[in-house]
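For reference, the structure is listed below as C-alpha cells.
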Amino acid sequence: MSGGRNVSDHVLDHPALASLTGPHAPFAERHGRILRYPVDVSPWLAMPEEPDAADWATLARLAAPGATVPLLGFHGSVPEDWEITSAVDGVQLVDDGLDAAPDPEAVRLGPADVPEMLDLVARTRPGPFLPRTVEMGTYLGIRRRGALVAMAGERLHPPGWTEISAVCTDPAHRGQGLAGRLIRAVAHGIRQRGETPFLHAGAQNTTAIRLYESLGFRLRRRTAFLEARPPRHAAGAAVPVTEPRRHEDAEAPVSGGVR
Numbered sequence: 001m002s003g004g005r006n007v008s009d010h011v012l013d014h015p016a017l018a019s020l021t022g023p024h025a026p027f028a029e030r031h032g033r034i035l036r037y038p039v040d041v042s043p044w045l046a047m048p049e050e051p052d053a054a055d056w057a058t059l060a061r062l063a064a065p066g067a068t069v070p071l072l073g074f075h076g077s078v079p080e081d082w083e084i085t086s087a088v089d090g091v092q093l094v095d096d097g098l099d100a101a102p103d104p105e106a107v108r109l110g111p112a113d114v115p116e117m118l119d120l121v122a123r124t125r126p127g128p129f130l131p132r133t134v135e136m137g138t139y140l141g142i143r144r145r146g147a148l149v150a151m152a153g154e155r156l157h158p159p160g161w162t163e164i165s166a167v168c169t170d171p172a173h174r175g176q177g178l179a180g181r182l183i184r185a186v187a188h189g190i191r192q193r194g195e196t197p198f199l200h201a202g203a204q205n206t207t208a209i210r211l212y213e214s215l216g217f218r219l220r221r222r223t224a225f226l227e228a229r230p231p232r233h234a235a236g237a238a239v240p241v242t243e244p245r246r247h248e249d250a251e252a253p254v255s256g257g258v259r
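Residue 92 in UniProt numbering sits at position 92 of the sequence shown, and the numbers go up by one each step.
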C-alpha cells in the first residue's frame with residue numbers, strides 16, 4: 001500500500017485481499033472499495049479495515065434481500081442497523097513441519113466431479129464449497145468402489161502461501177486416516193510449488209484442530225467468522241463491477257474472511 005497507511009506486513013493477516021490482488025486476481029470483482037470472488041466460487045471477500053458508510057452501503061447492495069453477508073476475519077464495528085446472525089471464533093494455522101507426501105490412492109478432482117463433491121460436502125459440512133470452488137486450486141479425493149468418500153483441496157492463495165480447505169470424509173469411512181493422508185498429499189503439491197500450506201478452522205472444532213496439530217500445523221493467529229444481515233431497505237440494488245487494481249494502488253487497507 002502507498003501513502004504510509006498502517007497495514008500488516010504479513011499477507012496472512014489479510015488472506016482474501018492478498019489472494020484477490022495476487023495469484024487469484026483473475027477471479028476478483030471490485031465493487032467500490034470491496035473485492036470479492038464470484039458468488040459461485042467462494043464467499044470470501046475483502047473490505048476496508050475501517051469501512052465508511054459508503055462501503056457498508058455497497059456491501060448491503062451486494063446482498064440479496066434477506067441474505068447474510070460474510071464478514072469473516074473482520075474485527076471492526078458493524079453498523080447498528082445490521083443484524084449479526086453468526087459470530088464464531090476461528091483460528092488460522094500454518095505449516096510448522098508437516099510431513100507432506102503424495103498419496104497413491106488420491107485422485108485429482110475436477111469439474112466433472114463437482115456433483116459428487118457437493119454431495120459429500122452436504123453430508124459432512126466442512127465449510128462452504130460452491131459449484132466453481134474447484135477452480136481455486138488442486139482438489140484430491142479418495143474413492144472406494146467408485147464412490148467419492150474423502151477429499152481435500154486448495155482455496156485461498158496469497159503470494160507464497162496456499163490454504164488447504166474442504167477437508168471431509170464420509171461418516172462411514174472415518175477412522176481410517178483418510179483426511180490426514182489427503183492433507184499431506186495436498187500439502188505436497190503446495191510445497192512442490194515452493195509455497196507454504198495454511199488453513200482455517202472454527203476454534204470450537206477441537207477434533208479437527210488436534211488432527212492439524214498432530215500433522216505439523218501450529219496456531220498462528222485467532223480470528224472471527226462473522227455473518228451479518230443488512231437492513232432490508234438497503235439490500236439487493238445493482239452495484240457496478242470494475243477491474244481490481246493492484247494491491248499497492250488500492251484505496252484502503254482491506255481485511256478478508258471465510259466461512
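All C-beta atoms, glycine included, are put in the ideal place defined by N, C-alpha and C.
Opening and closing residue of the alpha helix (DSSP H) in which residue i lies
{"i": "Trp-56", "result": "53 to 62"}
Residue i - DSSP class collapsed to helix/strand/coil
{"i": "Glu-135", "result": "helix"}
{"i": "Glu-29", "result": "strand"}
{"i": "Thr-124", "result": "helix"}
{"i": "Ala-187", "result": "helix"}
{"i": "Ala-238", "result": "Because Ala-238 sits at a pLDDT of 45, beneath the cut-off of 50, its placement in the model cannot be relied upon, and the point is left open."}
{"i": "Pro-38", "result": "coil"}
{"i": "Asp-113", "result": "helix"}
{"i": "Glu-227", "result": "strand"}
{"i": "Ser-86", "result": "strand"}
{"i": "Arg-232", "result": "helix"}
{"i": "Pro-70", "result": "strand"}
{"i": "Ala-179", "result": "helix"}
{"i": "residue 299", "result": "What is shown of the chain runs 1 to 259, which leaves residue 299 out entirely."}
{"i": "Gly-171", "result": "Checking the sequence shown, residue 171 turns out to be Pro, not Gly. In the structure shown, Pro-171 sits in a helix (DSSP, three-state: H, G or I)."}
{"i": "Asp-81", "result": "coil"}
{"i": "Leu-140", "result": "strand"}
{"i": "Leu-45", "result": "strand"}
Span separating the alpha-carbon of residue i from that of residue j
{"i": "Ser-77", "j": "Met-47", "result": "13 Å"}
{"i": "Gly-146", "j": "Glu-116", "result": "11 Å"}
{"i": "Thr-223", "j": "Arg-181", "result": "27 Å"}
{"i": "Val-167", "j": "Asp-40", "result": "19 Å"}
{"i": "Pro-197", "j": "His-24", "result": "16 Å"}
{"i": "Ala-201", "j": "Pro-126", "result": "9 Å"}
{"i": "Thr-68", "j": "Arg-108", "result": "33 Å"}
{"i": "Ala-64", "j": "Leu-215", "result": "40 Å"}
{"i": "Leu-226", "j": "Ser-165", "result": "18 Å"}
{"i": "Leu-118", "j": "Glu-105", "result": "21 Å"}
{"i": "Glu-80", "j": "Pro-230", "result": "10 Å"}
{"i": "residue 263", "j": "Thr-85", "result": "With the chain represented from 1 up to 259, any question about residue 263 goes unanswered, as that position is not in the structure."}
{"i": "Ala-45", "j": "Ala-228", "result": "Looking at the sequence provided, one finds Leu at residue 45 rather than Ala. Straight-line Cα distance between these residues: approximately 13 Å."}
{"i": "Glu-29", "j": "Thr-162", "result": "20 Å"}
{"i": "Thr-206", "j": "Val-149", "result": "22 Å"}
Where the beta strand (DSSP E) through residue i begins and ends
{"i": "Gln-204", "result": "That residue, Gln-204, is in no beta strand (DSSP E); it is neither H nor E in DSSP."}
{"i": "Leu-17", "result": "Careful: Leu-17 lies outside any beta strand (DSSP E), inside the alpha helix (DSSP H) at 15 to 20."}
{"i": "Leu-109", "result": "107 to 109"}
{"i": "Ala-147", "result": "147 to 154"}
Identity of the residue in the options nearest residue i by Cα
{"i": "Thr-124", "options": "Phe-198, Ala-152 and Leu-93", "result": "Ala-152"}
{"i": "Gly-175", "options": "Ala-234, Phe-225, Arg-218 and Leu-211", "result": "Leu-211"}
{"i": "Asp-95", "options": "Val-134, Ala-203, Pro-231 and Val-186", "result": "Val-186"}
{"i": "Arg-155", "options": "Pro-104, Ala-53, Arg-143 and Thr-138", "result": "Thr-138"}
{"i": "His-10", "options": "Arg-220, Ala-122, Arg-184 and Pro-79", "result": "Arg-220"}
{"i": "Thr-58", "options": "Glu-213, Pro-171 and Gly-32", "result": "Gly-32"}
{"i": "His-188", "options": "Leu-130, Pro-15, Leu-140 and Leu-45", "result": "Leu-140"}
{"i": "Gly-73", "options": "Ala-122, Ser-42, His-157 and Pro-15", "result": "Pro-15"}
{"i": "Leu-178", "options": "Trp-161, Leu-45, Ala-208 and Trp-44", "result": "Ala-208"}
{"i": "Pro-111", "options": "Ala-150, Trp-44, His-75 and Thr-133", "result": "Thr-133"}
{"i": "residue 261", "options": "His-157, Leu-199 and Thr-206", "result": "Residue 261 lies beyond the range of the chain shown here (1 to 259); nothing can be said about it."}
{"i": "Leu-120", "options": "Gly-97, Arg-143 and Asp-170", "result": "Asp-170"}
{"i": "Tyr-37", "options": "Ala-54, Leu-199 and Pro-128", "result": "Pro-128"}
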